[in-house]
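Student: First the structure, then my questions, so here it is.
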Amino acid sequence: MDVKITDAADGTGVVFEHEREVASADFDNLTVRLHAQFASMGWDYDGWECAVETDE
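See the structure below:
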(Lines of atoms letter the chains of each structure in order from A and count residues from 1; the text may use other names and numbers.)
(Lines give C-alpha, C1' and ligand atoms only; values in the text may rest on other atoms or scores of the structure.)
Protein backbone atom coordinates (compact mmCIF):
# COMPACT_ATOMS: atom_id res chain seq x y z
CA MET A 1 0.00 0.00 0.00
CA ASP A 2 1.39 3.41 -0.98
CA VAL A 3 1.06 5.65 2.10
CA LYS A 4 2.35 9.15 2.85
CA ILE A 5 2.85 9.86 6.59
CA THR A 6 3.06 13.40 7.99
CA ASP A 7 2.60 15.11 11.37
CA ALA A 8 -0.90 16.38 12.12
CA ALA A 9 -1.28 20.14 11.71
CA ASP A 10 -2.05 20.59 15.42
CA GLY A 11 0.92 18.45 16.48
CA THR A 12 -1.17 15.89 18.35
CA GLY A 13 -0.89 12.94 15.99
CA VAL A 14 0.04 11.71 12.55
CA VAL A 15 -1.71 11.72 9.19
CA PHE A 16 -1.63 8.73 6.85
CA GLU A 17 -2.49 9.64 3.24
CA HIS A 18 -3.57 6.97 0.78
CA GLU A 19 -5.53 7.40 -2.46
CA ARG A 20 -8.12 4.78 -3.35
CA GLU A 21 -11.74 4.15 -4.25
CA VAL A 22 -13.98 4.65 -1.21
CA ALA A 23 -17.24 3.05 -2.32
CA SER A 24 -16.28 -0.62 -2.09
CA ALA A 25 -16.26 -3.58 0.27
CA ASP A 26 -12.43 -3.47 0.21
CA PHE A 27 -12.55 0.05 1.64
CA ASP A 28 -14.92 -1.06 4.40
CA ASN A 29 -12.64 -4.00 5.25
CA LEU A 30 -9.59 -1.72 5.37
CA THR A 31 -11.40 0.63 7.76
CA VAL A 32 -12.26 -2.25 10.11
CA ARG A 33 -8.66 -3.54 10.02
CA LEU A 34 -7.18 -0.09 10.70
CA HIS A 35 -9.50 0.47 13.64
CA ALA A 36 -8.56 -2.90 15.16
CA GLN A 37 -4.81 -2.50 14.56
CA PHE A 38 -4.65 1.00 16.03
CA ALA A 39 -6.80 -0.01 19.03
CA SER A 40 -4.43 -2.93 19.74
CA MET A 41 -1.58 -0.38 20.02
CA GLY A 42 -3.59 1.91 22.31
CA TRP A 43 -4.13 4.51 19.57
CA ASP A 44 -7.37 6.29 18.70
CA TYR A 45 -8.47 5.90 15.09
CA ASP A 46 -10.84 8.73 14.17
CA GLY A 47 -11.74 7.77 10.62
CA TRP A 48 -11.21 9.08 7.14
CA GLU A 49 -11.25 12.46 5.51
CA CYS A 50 -12.13 12.38 1.86
CA ALA A 51 -11.66 14.98 -0.82
CA VAL A 52 -14.30 14.80 -3.55
CA GLU A 53 -13.08 15.28 -7.11
CA THR A 54 -15.22 15.54 -10.21
CA ASP A 55 -14.38 15.41 -13.91
CA GLU A 56 -16.06 18.78 -14.51
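Heads up, the sequence shown is in this note's numbering, so the first residue is 861 and it goes up one at a time.
For glycine and all other residues, C-beta sits at the position ideal for the given N, C-alpha and C.
Looking only at C-alpha atoms, which of Glu-881, Glu-916, Asp-886, Ala-899 sits nearest to Glu-909?
Tutor: Nearest option by C-alpha distance: Glu-881.
Student: If you check the beta carbons only, do Thr-866 and Glu-877 fall under 9 Å apart?
Tutor: Contact flag set, yes.
Student: Over the uninterrupted alpha helix (DSSP H) stretch that includes Val-892, give me the two end residues.
Tutor: Segment 885-900, the alpha helix (DSSP H) holding Val-892.
Student: For Val-882, does the three-state DSSP call read helix, strand or coil?
Tutor: It is coil, neither helix nor strand.
Student: Give me the Cα-Cα distance between Arg-893 and Ser-884, rounded to the nearest whole angstrom.
Tutor: Cα to Cα, Arg-893 sits roughly 15 Å from Ser-884.
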